[in-house]
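S.K.: Protein chains in written order, with the working numbering: chain A, 175 to 447; chain B, 1291 to 1540. Note that CB positions come from ideal geometry on N, CA and C, so glycine has one too. Before anything else, here's the structure in question.
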């Protein structure tokens, strides 16, 4: 009750100074956007060959490409693969990370491996995966998992470690057992960390999928971009980049929104590595 | 003193030994084309290190990484700092920096390839693009963390531009810049390998590609191990730099 009242009272107060700032930011942002696009257009027009993508031609290509079934199929394929890989990484990564955060032995046993693999540029694994899984979609999924799982593990471990001790003590004194403590206390209380990890992992997963599609020709948006840019249809290919960027930004915005909406007490200081 | 240091390191060595043992067993019990045991990977590594070709490739990769990374600092830091001092401009370009920071830069490689072709310059451009937005994004983030009151107070005490920089701007933005530098180290390394894979094949990337095309699994493992170790080492350095400057962050 008091909490709800407090947050309700805080809401308009927090929103008020924000509201005028937003509208005053809009004008410089639009101007900057126009200047950037104009510069891009000008530079390409004067210095680059005509096939190079520029705002005006990309804009013309956009409505055609966005309804092109080939493009849509490629994009759907990549997204499906990213979703599959992320689901696998999320399932295993969360469990492994939570175990690491709550158990000294697990922590000591695998911490260095997790940190080590996280630091390795993921694309070096591509040739190996293509040896293992062949030139199939499985290689792409494996790359997505490899690219994303370590970010999830690290953040899940940080989250599990950050659970306030009082919560656990209260749960124990009410004779709650580990099977209930995990889903009812540890998981919800490390949610902000899990979300931060997910945000990081999603970006890496997208990169992993695109790189895999460059490497092995299995279709997907990466292959679409590669194929069309080789055929000097840069405008078409660039629409693919735009959509990828939109997804990259979309993940950021979505996770930021979820955090603010459902975990307003969690300040946006980066938990992610 | 030394024995406690050793004891605190003990779990690390145990886990390292267990990992190596696991690798060895897995390598010996599967097909040679699938996985190579640790001992053989190390042998292969020593064999590689004995060739002049290997050192040449390593130097090529290092040059590529160094040039791209240096450029992303040379461009990213001054641009970020400039934006820190010009709030109007910063507010305007902030969302675009964020978008570019979140865009998977690998997607631009095919364009760079078809416009600039093969050679050193396009590869440097790839490494640069991978790194520069980390630096820029974090520097701007740091600039945003400066409370306007601090600048106002400095101004009302008639501090000049130089004093303002030294006392307010730098201490506040530098830790963020260093976070950007650490991220850029990691991203530039990915950019380096990506450039070596997809543009003209040189350096360590070529080492892996060549081995994989010859179905030389031992070579693939050896070169992945090298890049992995370089990655871990560089990450360490990055973290050390970041932590060194993070001391005054609170």
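1) Leaving out five residues on either side along the sequence, give the residues of the same chain with a beta carbon under 6 Å from the beta carbon of residue 183 (chain A).
2) Against chain A, does residue 1317 (chain B) count as a neighbour if the rule is that its beta carbon must be under 8 Å from one of theirs?
3) Give the residues from the stretch 1485-1505 of chain B that approach chain A closer than 9 Å (Cβ to any Cβ), ordered along the chain.
4) With 8 Å as the threshold, decide whether the Cβ of residue 295 (chain A) is near any Cβ in chain B.
5) Mind listing, in chain order, the continuous alpha helix (DSSP H) runs of no fewer than 4 residues lying wholly within the stretch 311-394 of chain A?
6) DSSP three-state label for residue 422 (chain A), please.
7) Are there three or more Cβ pairs, one per stretch, closer than 8 Å when the stretch 325-337 of chain A is compared with the stretch 401-412 of chain A?
8) Would you call the stretch 1408-1427 of chain B and the stretch 1352-1369 of chain B in contact, with 3 or more CB pairs under 8 Å?
9) On the DSSP letters alone, give me the boundaries of the alpha helix (DSSP H) that residue 1388 (chain B) sits inside.
10) Of all the alpha helix (DSSP H) runs that stay within the bounds of the stretch 1448-1532 of chain B, which reach a length of 4 or more residues?
11) Measuring alpha carbon to alpha carbon, tell me which of A:291, A:209 and A:237 ends up nearest residue 1521 (chain B).
12) With 16 other CB atoms within 10 Å as the buried threshold, where does residue 1512 (chain B) fall?
13) Could you say which of A:286, A:229 and A:363 lies nearest to residue 1303 (chain B) if we only look at CA atoms?
14) With a threshold of 7 Å on Cβ separation, who are the neighbours of residue 375 (chain A) within its own chain once the five nearest residues in sequence on each side are excluded?
15) What residue range does the alpha helix (DSSP H) around residue 276 (chain A) cover?
16) Using a C-beta to C-beta distance shorter than 9 Å, which residues of chain A count as neighbours of residue 1305 (chain B)?
17) Output the boundary residues of the alpha helix (DSSP H) element that contains residue 1406 (chain B).
18) Using a beta-carbon distance below 8 Å, is residue 214 (chain A) in contact with chain B?
19) Between the Cα of residue 466 (chain A) and the Cα atoms of A:217, A:423, A:415 and A:270, which residue gives the shortest distance?
20) The alpha helix (DSSP H) that contains residue 299 (chain A), what's its start and end?
21) For the stretch 1317-1336 of chain B, which residues have a CB atom closer than 8 Å to at least one CB atom of chain A, in sequence order?
22) Could you please tell me which residues of the stretch 425-439 of chain A, in chain order, have their CB closer than 7 Å to any CB of chain B?
23) Closest to residue 1321 (chain B) by CA distance: which of B:1506, B:1392 and B:1454 is it?
24) From the DSSP output, in three-state form, read off residue 222 (chain A) for me.
25) Is there contact between the stretch 415-424 of chain A and the stretch 264-284 of chain A, where contact requires at least three CB pairs shorter than 8 Å?
26) Closer than 9 Å, Cβ to Cβ, to anything on chain B: give me those residues from the stretch 295-320 of chain A, in chain order.
27) What residues of chain A sit near residue 1302 (chain B), judged by a beta carbon separation below 7 Å?
28) How would you call residue 301 (chain A), buried or exposed, if buried means at least 16 neighbouring beta carbons within 10 angstroms?
29) Please go through the same chain and pick out, in chain order, the residues whose beta-carbon is closer than 8 Å to the beta-carbon of residue 1515 (chain B), but skip the five residues on each side of it.
30) If you measure beta-carbon to beta-carbon, which residues of the stretch 1352-1385 of chain B are closer than 7 Å to chain A?
31) Starting from residue 407 (chain A), follow the alpha helix (DSSP H) in both directions and report where the run begins and ends.
32) Against chain A, with Cβ distances strictly below 8 Å, would residue 1408 (chain B) count as a contact?
33) Can you give me, in chain order, the residues of the stretch 409-423 of chain A that have a beta carbon less than 8 Å from any beta carbon in chain B?
34) Can a CB atom of chain B be found closer than 8 Å to the CB of residue 265 (chain A)?
35) Please classify residue 1322 (chain B): does DSSP put it in a helix, a strand, or coil?
36) Kindly indicate which three-state DSSP category residue 1353 (chain B) falls into: helix, strand or coil?
M.R.: Quick look at the numbers:
1) Any reading at residue 183 (chain A) is ruled out, since the residue's pLDDT is 37, under 50, leaving its predicted position unreliable.
2) no
3) Per Cβ criterion, the list reads 1487, 1488, 1494, 1495, 1498, 1499, 1501, 1502, 1503 and 1505.
4) Yes - at least one Cβ of chain B is within 8 Å of the one on residue 295 (chain A).
5) 311-335, 339-347, 352-355 and 365-389
6) Note: residue 422 (chain A) maps to helix in three-state DSSP.
7) no
8) Contact between the stretch 1408-1427 of chain B and the stretch 1352-1369 of chain B is established, with three or more Cβ pairs separated by less than 8 Å.
9) 1377-1392
10) 1451-1454, 1460-1488 and 1493-1503
11) When only C-alpha atoms are compared, the closest one is A:291.
12) buried
13) A:286
14) So the qualifying residues of the chain are 260, 263, 322, 325 and 326.
15) Segment 243-276, the alpha helix (DSSP H) holding residue 276 (chain A).
16) Simply 282, 283, 284, 285, 286 and 287.
17) 1399-1406
18) no
19) Outside the shown range of chain A (175 to 447) lies residue 466 (chain A), about which nothing can therefore be said.
20) Looking at the DSSP string, residue 299 (chain A) is not in any alpha helix (DSSP H), and its letter there is neither H nor E.
21) Listed by position, the residues of the stretch 1317-1336 of chain B near chain A (Cβ gap below 8 Å) are 1323 and 1324.
22) 426
23) B:1506
24) DSSP places residue 222 (chain A) in the coil class of the three-state scheme, outside both helix and strand.
25) The stretch 415-424 of chain A vs the stretch 264-284 of chain A: no contact.
26) When CB distances to chain B are screened at a threshold of 9 Å, the residues of the stretch 295-320 of chain A falling below it are 295, 296, 297, 298, 299, 300, 301, 302, 304, 305 and 306, in chain order.
27) 286
28) Burial call: buried.
29) 1331 and 1335
30) 1378, 1381, 1382, 1383 and 1385
31) Residue 407 (chain A) -> no alpha helix (DSSP H), and no H or E assigned at all.
32) no
33) 411, 412, 414, 415, 418, 419, 422 and 423
34) no
35) coil
36) helix
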